[in-house]
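Reading through the structure tokens given below for one structure.
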Amino acid sequence: ARRRWGLDNRAELGLARETATSMLAAAARRRANPARFARVSASEMVERAWDVSCTFRVSLAEARRALSSGSSPEPDPLTPPPCASTFPAYAPREHFRFEVVHRSSRSAARVGRIHTPHGTIDTPAFVPVGTNAALKAVPHTSSLDNAGLDLMFCNTYHLMLQPGIEAIENAGGLHAFMNRASPLITDSGGFQIFSLGAPSAEDGAEMKSRRVSKHKDAKGLIERVTERGVTFKSYRDGRTMELTPESSVRAQKALGADIIVPLDELPPYAIDPFALKKSVFRSHRWEARSLREHLNDVRDQAMYAVIHGGVDDALRRLSAEYLGGLPFDGFAIGGSLGKDTKELTN
239 ARRRWGLDNR
249 AELGLARETA
259 TSMLAAAARR
269 RANPARFARV
279 SASEMVERAW
289 DVSCTFRVSL
299 AEARRALSSG
309 SSPEPDPLTP
319 PPCASTFPAY
329 APREHFRFEV
339 VHRSSRSAAR
349 VGRIHTPHGT
359 IDTPAFVPVG
369 TNAALKAVPH
379 TSSLDNAGLD
389 LMFCNTYHLM
399 LQPGIEAIEN
409 AGGLHAFMNR
419 ASPLITDSGG
429 FQIFSLGAPS
439 AEDGAEMKSR
449 RVSKHKDAKG
459 LIERVTERGV
469 TFKSYRDGRT
479 MELTPESSVR
489 AQKALGADII
499 VPLDELPPYA
509 IDPFALKKSV
519 FRSHRWEARS
529 LREHLNDVRD
539 QAMYAVIHGG
549 VDDALRRLSA
559 EYLGGLPFDG
569 FAIGGSLGKD
579 TKELTN
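According to our numbering, the sequence shown is numbered sequentially starting from 239.
And the structure:
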């Protein structure tokens, strides 16, 4: 507690210890998913209580009571995320680095290389998406390499549903499961908050889609989105599943991709400016929680932040400045990028 949060006050340290005890007792009472809580250590319980305290600006004692009761207060939607000073400074990693090979003398364009534990990614690069850890009708061991596809993308949410994270972990991780020796990146499930939501007549023109499909009807598959995370209904069997910043990162740790992504919220293009601002602030709080979970157990993985703000220049700048001050390994441009390719380019 002293090292992570700078707690020097004896009363605060005692309360942190008491929080751990009460949180473990609360976890034991939750019999709906005992296997999940059996893996939660006392220190993790303290950290969750402290994060709630900081995020919602309540005392540690109030955070302890809220978490022990199984509830969590919803913050003011514009509650700022944790200050960058509460995170350790970024330190270069032996297993991951970016190298600039050439810069254009006429523009900001550059050629680079991303070095990962499973090989080098030449940039810029085309990255194919293998939703369920497979590209249809394409042999991973030869065709991808011959095509010069250094990096491949897999979807965490879909893999959680089928075949399941535990099955892939038991197979030796995603690389072994899909017989791929080259770099992989997994997403967090944030895109599905948009794509599995209920279609709206207000959606209008957009490069991404959430229309009715064979997987979902007009009601969508999102049950609720709260500060804790998002609750989906499985399109395979109808069961309810929850995805939080922490559980998304733990799932990606089990999958073992070279690059992982924090949980974020993807809003539609047609959105009220205030609603967009609330979404950006929530994404920042979720990404900060994801980063803390990642830093607890880095392994040989890199985490890329996701810059948000839609097509609002001020929010884009705000997002870049905040996330750029956190110890992420790289940065992705996320959120809605316009209704068409012309707006995307602008």
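C-beta atoms are modelled at their ideal positions from N, C-alpha and C, and glycine is treated no differently.
Terminal residues of the continuous beta strand (DSSP E) containing residue i?
i: His340; result: 335–341
i: Gly562; result: It is not in any beta strand (DSSP E) - Gly562 instead sits in the alpha helix (DSSP H) that spans 551–562.
i: Leu382; result: Note, Leu382: premise wrong, no beta strand (DSSP E); alpha helix (DSSP H) at 381–384.
i: Gly568; result: 568–571
i: Tyr542; result: 540–545
Would you kindly report the start and end of the unbroken alpha helix (DSSP H) that includes residue i?
i: Leu529; result: 511–534
i: Thr394; result: 394–399
i: Thr583; result: 579–583
i: Ala429; result: Note on residue identity: the sequence assigns Phe, not Ala, to residue 429. Run containing Phe429: 428–433, per the alpha helix (DSSP H) assignment.
i: His378; result: Per DSSP, His378 belongs to no alpha helix (DSSP H) and is neither H nor E.
i: Glu407; result: 403–408
i: Ala322; result: First-last for Ala322: undefined, no H or E at that position.
i: Leu412; result: 412–416
Classify residue i as helix, strand or coil using the three-state DSSP reduction.
i: Arg348; result: strand
i: Lys588; result: Here the chain comprises residues numbered 239 to 584, so residue 588 is not present and cannot be evaluated.
i: Leu459; result: coil
i: Glu480; result: strand
i: Phe422; result: The residue asked about is misnamed: residue 422 is Leu in this sequence, not Phe. Reduced to three states, the DSSP call for Leu422 is strand.
i: Val367; result: strand
i: Trp353; result: The displayed chain sequence assigns His, not Trp, to residue 353. Looking at His353 - three-state DSSP - the assignment turns out to be strand.
i: Phe391; result: strand
i: Thr361; result: strand
i: Arg488; result: helix
Can you give me the C-alpha to C-alpha distance between residue i and residue j, rounded to a whole angstrom?
i: Arg331; j: Ala543; result: 16 Å
i: Glu465; j: Met398; result: 21 Å
i: Leu387; j: Ala419; result: 12 Å
i: Leu459; j: Val367; result: 22 Å
i: Asp383; j: Gln430; result: 29 Å
i: Thr336; j: Phe364; result: As written in the sequence, residue 336 is Phe, which differs from the Thr given in the question. Roughly 17 Å between the two C-alpha positions.
i: Ser317; j: Val376; result: Note that residue 317 corresponds to Thr in the displayed sequence, not to Ser. If you take the alpha carbons of Thr317 and Val376, they lie about 46 Å apart.
i: Gly568; j: Leu434; result: 27 Å
i: Tyr395; j: Gly402; result: 9 Å
i: Asp538; j: Phe334; result: 8 Å
i: Ser521; j: Pro565; result: 16 Å
i: Lys580; j: Ser380; result: 36 Å
i: Thr482; j: Ala405; result: 20 Å
i: Val468; j: Leu373; result: 28 Å
i: Ala347; j: Val518; result: 28 Å
i: Gly428; j: Ser342; result: 34 Å
i: Pro315; j: His546; result: 16 Å
i: Leu504; j: Phe415; result: 29 Å
i: Asn370; j: Gln400; result: 8 Å
i: Glu484; j: Ile359; result: 28 Å
i: Lys585; j: Phe470; result: No answer is possible for residue 585: the residues shown for the chain start at 239 and end at 584.
i: Ala508; j: Arg474; result: 29 Å
i: Pro319; j: Pro313; result: 11 Å
i: Gly573; j: Arg344; result: 28 Å
i: Val339; j: Ala436; result: 45 Å
i: Lys577; j: Gly548; result: 11 Å
i: Glu407; j: Val463; result: 28 Å
i: Pro355; j: Asn417; result: 16 Å
i: Ala570; j: Ala385; result: 24 Å
Would the beta-carbon of residue i be found less than 7 Å away from any heavy atom of the ligand ZN?
i: Ile571; result: Absence of the ligand ZN is noted for the structure shown, with no ligands found whatsoever.
Exercise. Would you call the stretch 558–577 and the stretch 523–538 touching, i.e. three or more CB-CB distances under 8 Å?
Worked result: yes
Exercise. How do the stretch 399–414 and the stretch 507–515 stand: do at least 3 beta-carbon pairs fall below 8 Å, yes or no?
Worked result: no
Exercise. Are at least three pairs of beta-carbons, each pair with one atom in the stretch 493–511 and one in the stretch 420–433, less than 8 Å apart?
Worked result: yes
Exercise. If we count Cβ pairs, one from each stretch, closer than 8 Å, do we get three or more for the stretch 474–490 versus the stretch 531–547?
Worked result: yes
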